[in-house]
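Using our numbering, the first residue of the sequence shown is number 516, and each one after it goes up by one.
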Amino acid sequence: MDNSDSRRKPHVYGKLLMAVILTAFCILILKQSPKFSGSNVFSRHEPGVTHVLVTGGAGYIGSHAALRLLTDSYRVTIVDNLSRGNLGAIRVLQQLFPEPGRLQFIFADLGDARAANRIFAENAFDAVMHFAAVAYVGESTLEPLRYYHNITANTLVILEAMAAHGVKTLIYSSTCATYGEPEKMPITEETPQLPINPYGKAKKMAEDIILDFSKRSDMAVMILRYFNVIGSDPEGRLGEAPRPELREHGRISGACFDAALGIIPGLKVKGTDYATSDGTCIRDYIDVTDLVDAHVKALDKARPNKVGIYNVGTGKGRSVKEFVEACKKATEVNIKVDYLERRPGDYAEVYSDPSKINLELNWTAHYTDLQKSLSTAWRWQKSHPNGYRSPSAMSV
Ligand SMILES: NC(=O)c1ccc[n+]([C@@H]2O[C@H](COP(=O)([O-])OP(=O)(O)OC[C@H]3O[C@@H](n4cnc5c(N)ncnc54)[C@H](O)[C@@H]3O)[C@@H](O)[C@H]2O)c1
516 MDNSDSRRKP HVYGKLLMAV ILTAFCILIL KQSPKFSGSN VFSRHEPGVT HVLVTGGAGY
576 IGSHAALRLL TDSYRVTIVD NLSRGNLGAI RVLQQLFPEP GRLQFIFADL GDARAANRIF
636 AENAFDAVMH FAAVAYVGES TLEPLRYYHN ITANTLVILE AMAAHGVKTL IYSSTCATYG
696 EPEKMPITEE TPQLPINPYG KAKKMAEDII LDFSKRSDMA VMILRYFNVI GSDPEGRLGE
756 APRPELREHG RISGACFDAA LGIIPGLKVK GTDYATSDGT CIRDYIDVTD LVDAHVKALD
816 KARPNKVGIY NVGTGKGRSV KEFVEACKKA TEVNIKVDYL ERRPGDYAEV YSDPSKINLE
876 LNWTAHYTDL QKSLSTAWRW QKSHPNGYRS PSAMSV
């Protein structure tokens with residue numbers, strides 16, 4: 516007689532028992548999760564509370580925007596894939612706003628439409644500030660497809676998710692790079708957009724998608740075209756900390772500080788034969804504190820069926836040479852400067868006419884002062900020579 520069945524039975528019962536225990540354990544854990552019990556405040560609209568999704572909130576501008584929104588009592592969800600941002604910035608924000616229902620961080624890639632859709636399904640957003648992007652002109656000329664994908668295609672993902680889940684307000688991070696190299700300065704919002712590098716083209720395409728969609732929806736849209744962003748939180752809580760591997764593509768302020776810290780031997784100024792007063796490029800630098808203020812004002816003035824497009828700059832152009840001198844003063848380091856050939860994709864002179872945003876959003880650049888903005892940013896850099904990885908690790 517084969518009695519293997521009866522021998523196997525105790526084994527099967529054991530497995531069954533284990534499965535029951537595991538299932539009960541999972542249900543217990545799930546029940547303790549706020550989402551299961553329906554007590555997750557992020558998933559419900561609450562009268563008097565505006566819940567803003569900040570994409571790219573672990574990055575430089577997004578983290579400063581999140582700080583301002585939280586300070587102003589908004590509820591904030593940050594979505595970031597940490598490809599370029601810093602978990603350290605999120606931690607700073609979490610420490611500043613630990614109360615339940617103020618801030619949540621979701622690690623996700625916005626290129627993943629299913630993940631984005633799930634985030635919108637599980638959360639009750641009132642508005643989206645879409646900062647997440649790869650954002651280096653030089654890099655975009657080397658990796659154009661990455662830029663079109665990350666900027667243009669991902670904006671489409673966000674818009675589709677917003678449409679599917681009834682989120683009706685979008686504040687979009689655009690750039691003066693969408694104008695290319697206009698013949699006439701200053702740049703107004705009416706200046707033709709003729710971008711000359713993949714970064715500017717990808718942002719222009721994203722703008723076009725948003726504008727076409729807005730014609731057929733009642734979405735409130737604000738497109739902010741930033742000029743060159745500098746500075747950091749005046750209270751020294753946040754700063755600009757790009758990944759070391761991105762240094763070669765980095766922006767001028769980062770390079771100046773790296774040179775002052777001795778991380779790089781000196782500063783490379785690319786292009787001295789532009790048709791400008793001293794041969795170096797002219798840019799319109801805007802302090803990040805002013806920039807995030809423009810976002811909050813844009814959010815406040817956003818209305819259904821309305822599109823607002825605004826330049827965010829000071830209206831004053833400063834040359835790279837002037838910038839370098841201001842940086843030397845701010846850091847009190849006599850930074851070594853090498854003057855090199857032009858960089859592909861760069862344009863000679865760019866500065867804004869900010870009168871439209873002054874008039875319609877009652878916004879002006881109050882904080883921006885090249886010297887002061889760089890001094891503020893330098894204080895953070897000096898106390899965070901390794902970015903968010905080792906705060907106060909070194910005093911210079
Ligand atoms: N810094 C400037 O001078 C400047 C000027 C004009 C416009 N902008 C725009 O402002 C926005 C923010 O720029 P920044 O300087 O803070 O850049 P940043 O690199 O510091 O921040 C971008 C953030 O987006 C995240 N991100 C990128 N791709 C993502 C993805 N697929 N899914 C989820 N997260 C993703 C990164 O991890 C990072 O945290 C960008 O849209 C940029 O184009 C910046």
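For glycine and all other residues, C-beta sits at the position ideal for the given N, C-alpha and C.
Relative to the C-alpha of Lys816, which candidate in Lys843, Leu876, Arg752, Leu761 has its C-alpha closest? Leu876
Restricting to runs no shorter than 4 residues, where is the alpha helix (DSSP H) found entirely within the segment 652-684? 652-657, 659-662, 669-679
Bridge partners - Ser834, DSSP secondary structure assignment: Per the DSSP secondary-structure output, Ser834 pairs in a beta bridge with Ile797.
Nearest-angstrom Cα separation, counted from Thr883 out to Thr565: 28 Å
Minimum C-alpha distance to Thr879 - residue among Gly777, Val803, Pro697: Val803
Could you tell me if the beta carbon of Thr570 falls within a distance shorter than 7 Å of some heavy atom in ligand 1? It does: the Cβ of Thr570 is within 7 Å (strictly closer) of some heavy atom of ligand 1.
Beta-carbon proximity check, His680 vs Gly626, cutoff 8 Å: no
Whose C-beta lies closer than 6 Å to the C-beta of Gly746 among residues of the same chain, with five residues either side of it excluded? Asp802, Val803, Ser888, Thr891, Ala892
Skipping 5 residues on each side, what residues in its chain have a beta carbon closer than 6 Å to that of Leu709? Residues Gly695 of the same chain have their beta carbon placed closer than 6 Å to that of Leu709, with the five preceding and five following residues left out of the count.
Consult DSSP for Glu875 and reduce its assignment to one of helix, strand or coil. helix
For Tyr866, which three-state DSSP category applies? coil
In whole angstroms, what is the alpha-carbon distance linking Ala854 and Pro562? Ala is not the amino acid found at residue 854; the sequence shown has Tyr there. Cα-Cα distance, rounded: 57 Å.
With a threshold of 7 Å on Cβ separation, who are the neighbours of Lys821 within its own chain once the five nearest residues in sequence on each side are excluded? Ala735
Closest to Gly794 by CA distance: which of Glu864, Tyr741, Gly574 is it? For the residues Glu864, Tyr741, Gly574, the minimum Cα distance to Gly794 belongs to Glu864.
Just checking Asp723 against ligand 2 - is the residue's beta carbon closer than 7 Å to any of the ligand's heavy atoms? Although ligand 2 was asked about, the structure shown includes only ligand 1 as ligands.
Using a Cβ-based criterion (distance less than 7 Å to any ligand heavy atom), does Leu513 qualify as near ligand 1? Beyond the ends of the chain as shown, which are 516 and 911, falls residue 513; an answer cannot be given.
Is Gly572 closer than 8 Å to Asp587 when the C-beta atoms are compared? no
Helix, strand or coil at Asn555 [DSSP, three-state]: coil
So, for Leu603: in the same chain, excluding its five sequence neighbours on each side, which residues have a beta-carbon less than 8 Å away from its beta-carbon? According to the sequence shown, residue 603 is Gly rather than Leu. Within the same chain, Gly603 has close Cβ partners Ala756, Gly902, Tyr903, Arg904, Pro906.
Inside the segment 709-773 only - beta strand (DSSP E) runs reaching at least 3 residues: 735-741, 743-745
Rounded distance between the beta-carbons of Thr570 and Ala647, thought under 8 Å: Right, the Cβ-Cβ distance comes to about 4 Å (below 8 Å), so this counts as a contact.
Could you check whether the Cβ of Thr690 sits closer than 7 Å to any heavy atom belonging to ligand 1? yes
Alpha carbon to alpha carbon, how far is Ser910 from Gly754? Low per-residue confidence applies at Ser910: pLDDT is 36, beneath 50, and the placement is therefore not dependable, though the value from the model is reported in the following sentence. Near 16 Å, if we compare the C-alpha coordinates of Gly754 and Ser910.
Strand pairing of Asn826, partner residues [DSSP]: Arg740
What's the call for Leu660, buried or exposed, on a 16-neighbour Cβ count within 10 Å? Answer is exposed; the Cβ neighbour count stays below 16.
Which stretch, first to last residue, makes up the alpha helix (DSSP H) that contains Thr586? It spans 575-586 - the alpha helix (DSSP H) in which Thr586 sits, taken as one unbroken run.
Leaving aside the five residues before and after Phe742 along the sequence, list all residues of the same chain whose C-beta is less than 6 Å from its C-beta, in chain order. Same-chain partners within the cutoff: Cys691, Asp799, Ile801, Gly828, Ser867.
From the DSSP output, in three-state form, read off Phe622 for me. strand
Does the separation of the CB atoms of Gly600 and Gly574 fall below 8 Å? yes
DSSP bridge partner residues for Glu561 (one or two, in chain order): Val564
Please list, in chain order, all residues of the same chain as Asp733 whose beta carbon is under 6 Å from its beta carbon, the five residues on each side excluded. Pro819, Asn820
Please classify Gln886 as buried or exposed, where buried requires at least 16 neighbouring CB atoms within 10 angstroms. That one is exposed.
When DSSP builds the beta bridges, which residues end up paired with Leu855? Lys785
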